[in-house]
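These notes concern the structure reproduced below.
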Amino acid sequence: MRTGYATCAQAHSAGRKRRSGLHVGSGTMEGVVAAGANAHADTGTECRSRGPGCSLRHFACEQNLLSRPDGSASFLQGDTSVLAGVYGPAEVKVSKEIFNKATLEVILRPKIGLPGVAERNRERMIRNTCEAVVLGALHPRTSITVVLQIVSDAGSLLACCLNAACMALVDAGVPMRALFCGVTCALDSDGTLVLDPTAKQEKEARAVLTFALDSVDRKLLMSTTKGLYSDAELQQCLAAAQTASQHVFRFYRDSLLRRYSKS
Numbered sequence: 006m007r008t009g010y011a012t013c014a015q016a017h018s019a020g021r022k023r024r025s026g027l028h029v030g031s032g033t034m035e036g037v038v039a040a041g042a043n044a045h046a047d048t049g050t051e052c053r054s055r056g057p058g059c060s061l062r063h064f065a066c067e068q069n070l071l072s073r074p075d076g077s078a079s080f081l082q083g084d085t086s087v088l089a090g091v092y093g094p095a096e097v098k099v100s101k102e103i104f105n106k107a108t109l110e111v112i113l114r115p116k117i118g119l120p121g122v123a124e125r126n127r128e129r130m131i132r133n134t135c136e137a138v139v140l141g142a143l144h145p146r147t148s149i150t151v152v153l154q155i156v157s158d159a160g161s162l163l164a165c166c167l168n169a170a171c172m173a174l175v176d177a178g179v180p181m182r183a184l185f186c187g188v189t190c191a192l193d194s195d196g197t198l199v200l201d202p203t204a205k206q207e208k209e210a211r212a213v214l215t216f217a218l219d220s221v222d223r224k225l226l227m228s229t230t231k232g233l234y235s236d237a238e239l240q241q242c243l244a245a246a247q248t249a250s251q252h253v254f255r256f257y258r259d260s261l262l263r264r265y266s267k268s
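Throughout, the working numbering is defined as the position within the sequence shown, counted from one, plus 5.
Take a look at the structure:
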């Protein structure tokens, strides 16, 4: 059995994990507004092959909400809501300049109070995921900053942050080799798998696993796990997340088609 908390970025297999230091960023998002009221809503999708508990909550997304960022998006999963803004490619400080690619920063702001260790850890995981898909070599010696504001947290927060970041990067026109999404799985004490768990389900779960996957090959970009689980359960959760990601990417496509199609 596996125990504890582990994180891996750009893993070649779900069973391999590694640790890295926390990333601390700084920046501002001006003109933050409460989002989601006029968002494009999805009716919801379900993973019927794994029982009644394996379902995704309804999605909603709205882009280009904020005027100052180069791109912005709000993403809603059930009652979990995150607002994202992307600045750049823009001028970068000399101390942070990278000569052959863009410097990518992620700033996560909690709903109330100042960022803590949990926010810094999520920032690092989101940054690692974004770096795996953003074509930073096309904009060397520049800065791309993703600012995420938590509006409400009702479970699967990291997955919602990943989805909001992806849609904001798309809105900003940042070149990427693929889209990405986040999917969270929870394992109950009896081994029942629950996709996109609520905060209550996460609290009661034996293990919570979040995966970031790309849209081309459903390749694993990042994973983070907490709790007790077996290798077989890890593979089961990864397979369920890859299946669920198809619904998330379909929602991305439908949302973008609704925005850019002309009647």
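Don't be surprised by glycine CBs; every beta carbon is placed ideally from N, CA and C. All of these numbers come straight from a predicted model, not from anything done at the bench.
Here alanine 245 carries a helix assignment [DSSP, helix/strand/coil]. A buried status is given to aspartate 219, since no fewer than 16 other beta-carbon atoms sit within 10 Å of its beta-carbon. The C-beta distance from glycine 187 to alanine 217 rounds to 5 Å, short enough to meet the 8 Å contact threshold. Of the residues assessed, arginine 62 falls on the buried side of the cut-off, its CB having 16 or more other CB atoms within 10 angstroms.
Beta-bridge annotation (DSSP): alanine 95 is paired with Ser148.
Glutamine 154 is bridged by DSSP to Leu88 and Arg114.
Judged by DSSP in its simplified three-state form, serine 100 adopts helix. Scanning its chain for C-beta atoms nearer than 8 Å, with the 5 sequence neighbours on each side dropped, one finds around valine 221 the residues Arg182 and Ala183, in chain order. If you draw a straight line from the Cα of phenylalanine 104 to the Cα of proline 120, it comes to about 30 Å. By the C-beta criterion, the stretch 153-170 is judged to be in contact with the stretch 84-93, since at least 3 inter-stretch pairs fall below 8 Å. Of Pro145, Lys106, Val175 and Ala164, the smallest CA-CA separation from methionine 227 is found for Ala164.
When beta bridges are read from the DSSP output, phenylalanine 185 appears opposite Asp219. In the pairwise beta carbon analysis, the stretch 135-152 is classified as not touching the stretch 193-209: fewer than three pairs are separated by under 8 Å. DSSP places valine 179 in the coil class of the three-state scheme, outside both helix and strand.
Per DSSP, the unbroken beta strand (DSSP E) holding alanine 65 starts and ends at 64-68.
Within the DSSP bridge table, the entry for cysteine 135 names no partner. In the structure shown, serine 250 falls within a helical segment according to DSSP collapsed to helix, strand and coil. As a beta-bridge residue in DSSP terms, threonine 108 pairs with Ser148. Collapsing the DSSP output to three states places serine 266 in coil. Per DSSP, the continuous beta strand (DSSP E) segment holding alanine 78 begins and ends at 76-82. Looking at Pro145, Lys224, Phe64 and Gln251, the one whose alpha-carbon comes closest to that of lysine 106 is Pro145. Around the Cβ of aspartate 195, a 10 Å sphere holds fewer than 16 other Cβ atoms; the residue is exposed. The beta carbon of glutamine 241 sits closer than 8 Å to the beta carbons of Leu198 from its chain, once the five residues preceding and following it are set aside; these are given in chain order. As computed with DSSP, valine 199 is found in a beta bridge with Ala191. With at least 16 other beta carbons inside 10 angstroms of its own, valine 253 counts as buried.
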